[in-house]
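*Asks:*
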Amino acid sequence: MTTNSLEAWTLLTALAAKTSKMQLGVLVTSNSYRHPAMLAKIAATLDMISNGRLILGIGAGWKEVEYRAYGYPFPSLKERMDRLEEALQVILALWTKDRANFEGVYYQLKDAVFAPKPIQKPHPLILIGGHGEKRTLRMVAKYGDMSNFSPWGTERLERLLTALKQHCRDFNRDYDEITKTFLGYCLITENEEEILSFNKKRAQEQGISVEQYLEKQSSLPGAWAGSSEEVAAQYNHLFKMGFTHFQILFPFGKEIEMSKQFAELVIRGMSKE
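In the working numbering, the protein residues as written are 9 to 281.
(1) For I186, which three-state DSSP category applies?
(2) When we look at the beta-carbon of Q242 and count the other beta-carbons within 10 Å, is it buried (16 or more) or exposed?
(3) In the DSSP output, which residue or residues are listed as bridge partners for G65?
(4) Alpha helix (DSSP H) containing E263: first to last residue?
(5) Under the three-state reduction of DSSP, which class applies to I196: helix, strand or coil?
(6) Which runs of the alpha helix (DSSP H) at least 4 residues long sit entirely within the region 203-263? Give them in chain order.
(7) Is D153 helix, strand or coil when you go by DSSP?
(8) In its own chain, which residues sit with a C-beta less than 8 Å from the C-beta of L54, not counting the 5 before and 5 after it?
(9) My understanding is that G65 touches V34, with C-beta atoms under 8 Å, so please give their C-beta distance in whole angstroms.
(10) Once you ignore the five residues that flank A52 on each side, which residues in its own chain have a CB closer than 6 Å to its CB?
(11) If you draw a straight line from the C-alpha of H43 to the C-alpha of K86, how long is it?
(12) Would you call the CB atoms of Y151 and I134 closer than 8 Å?
(13) Identify the continuous alpha helix (DSSP H) that holds E94 and give its terminal residues.
(14) Indicate the three-state DSSP secondary structure (helix, strand or coil) for S158 in the structure shown.
(15) Classify S91: buried if its beta carbon has 16 or more other beta carbons within 10 angstroms, exposed otherwise.
(16) Whole-angstrom Cβ separation of A149 and H175, contact assumed at under 8 Å?
(17) May I have the straight-line CA-CA distance separating A108 from H139, to the nearest angstrom?
(18) At a threshold of 7 Å, does L133 count as lining the ligand FMN (C-beta to nearest heavy atom)?
(19) For W160 and A77, what's the separation of their Cα atoms in angstroms?
(20) Is the Cβ-Cβ distance between D153 and I186 less than 8 Å?
(21) To which residues of the same chain is E72 closer than 8 Å at the C-beta, ignoring the five residues directly before and after it?
(22) Quick one, which of L195, F122 and I136 has its alpha-carbon nearest F260's?
(23) According to DSSP, is A77 helix, strand or coil?
(24) Just mark P124 as buried or exposed, buried being the case when its beta carbon has 16 or more other beta carbons within 10 Å.
Right, here's the structure in full:
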């Protein structure tokens, strides 16, 4: 963490007490930072406090600099993926069984009592973050209710969705029952200077020039700066691909203003197409 930030699960508890309709979750919790049995308890408690509004977002963890900064071991990618799969089994066992037993390489449960259970039945929604075609999307098909995708190009997104379909077939799972969510960036404006500044920042984040970014942008849905009509066209394209839930990052300091514009102009524009 390099900027001011609050501990997510503590903050969600406060939000749960102050709200009544919005769903609550983290995009996503690194499995490495909490034992899955503890995470299961934290999440179940939040589901109770919020009367069944929790989405458990979880991933294998990736940000090595953060692990190192706070003294967490940073295992190989394979081990992190193995741990994530075991964690999902641990969490589901605790949420759904009166007494849970599990014997994994990294986690164990022995006649573990877990009460009270979450409000949602059979269990709270599980959102798995990541885009690995071989393992992450396979875990989505086996354990997940929601799958989150980043702003990749259309061709790559289609390939990932195809991979998810195949994994669903392998597990005899209905592909359409898995909610596809999308994390994107958005600036609604017709001001050319603001658009240039936005594109410069996105290019800098990717380590490429603005020219390279703009060339890439034509096939990069979800990272868009432009008029409400242009932004609506981009997100409508994603909607037609099967994405139904969007997590949108607006420029710092303009989040409230932009979220209102997005609701009033972009969503309305999407519904017209």
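We put the CB at the ideal spot given by N, CA and C, even for glycine.
*Replies:* Taking the definition as stated:
(1) To locate residue 186, count along the sequence shown from 1; it is residue 178. Three-state DSSP puts I186 in coil, outside helix and strand.
(2) For the purposes of this step, residue 242 is identified with residue 234 of the sequence shown, where counting begins at 1. Under this definition Q242 is a buried residue.
(3) As a first step, residue 65 must be located in the sequence shown, where it is residue number 57. Beta-bridge pairing links G65 to L135.
(4) Numbered from 1 along the sequence shown, position 255 holds the residue referred to as residue 263. Where E263 is concerned, the enclosing alpha helix (DSSP H) stretches over E263 to Q269.
(5) In the sequence shown, counting from the first residue as 1, residue 196 sits at position 188. I196 sits in a strand when the DSSP states are folded into three classes.
(6) For the region 203-263, whole alpha helix (DSSP H) runs of length 4 or above, ordered along the chain, are 218-225 and 236-249.
(7) Within the sequence shown, numbered from 1, the residue matching residue 153 stands at position 145. Coil, per DSSP.
(8) What you label residue 54 is simply residue 46 of the sequence shown in a count that begins at 1. For L54, where only same-chain residues beyond five positions count, the Cβ hits under 8 Å are W17, L20, T21, A24, L32 and L62.
(9) Position 57 of the sequence shown holds residue 65. Position 26 of the sequence shown holds residue 34. With a Cβ gap of about 5 Å, G65 and V34 count as contacting.
(10) Residue mapping note: residue 52 aligns to position 44 of the sequence shown, counting from 1. Result list for A52: P126, in chain order.
(11) In the sequence shown, residue 43 corresponds to position 35, counting from 1. In the sequence shown, residue 86 corresponds to position 78, counting from 1. K86 has its alpha-carbon roughly 18 Å from the corresponding atom of H43.
(12) Residue numbering aside, residue 151 sits at position 143 when the sequence shown is read from its first letter. Residue numbering aside, residue 134 sits at position 126 when the sequence shown is read from its first letter. Yes; because the gap between Cβ atoms is below 8 Å, this pair is in contact.
(13) Position 86 of the sequence shown, counting from 1, holds the residue named residue 94. Run containing E94: L85 to T104, per the alpha helix (DSSP H) assignment.
(14) In the sequence shown, counting from the first residue as 1, residue 158 sits at position 150. Three-state result, S158: coil.
(15) Here the question's residue 91 lines up with position 83 in the sequence shown. Looking at the sequence shown, residue 91 is not Ser but Arg. By the neighbour-count definition (other C-beta atoms within 10 Å, threshold 16), R91 is a buried residue.
(16) Mapped onto the sequence shown, residue 149 falls at position 141. Mapped onto the sequence shown, residue 175 falls at position 167. Correct: roughly 4 Å between the Cβ atoms.
(17) Your numbering for residue 108 matches position 100 in the sequence shown. Your numbering for residue 139 matches position 131 in the sequence shown. Their backbone Cα atoms lie some 30 Å apart in a straight line.
(18) Ligands displayed in this structure: none; no statement on the ligand FMN is therefore possible.
(19) The residue you call residue 160 lines up with position 152 of the sequence shown. The residue you call residue 77 lines up with position 69 of the sequence shown. Straight-line Cα distance between these residues: approximately 29 Å.
(20) In the sequence shown, residue 153 corresponds to position 145, counting from 1. In the sequence shown, residue 186 corresponds to position 178, counting from 1. For the pair D153 and I186, the CB atoms are nearer than the 8 Å cut-off.
(21) To locate residue 72, count along the sequence shown from 1; it is residue 64. The answer, listed in chain order, is F82.
(22) In the sequence shown, residue 260 corresponds to position 252, counting from 1. Answer by Cα proximity: L195.
(23) One-based indexing of the sequence shown puts residue 77 at position 69. Three-state DSSP puts A77 in a helix.
(24) To locate residue 124, count along the sequence shown from 1; it is residue 116. Exposed, because fewer than 16 other Cβ atoms sit within 10 Å of the Cβ of P124.
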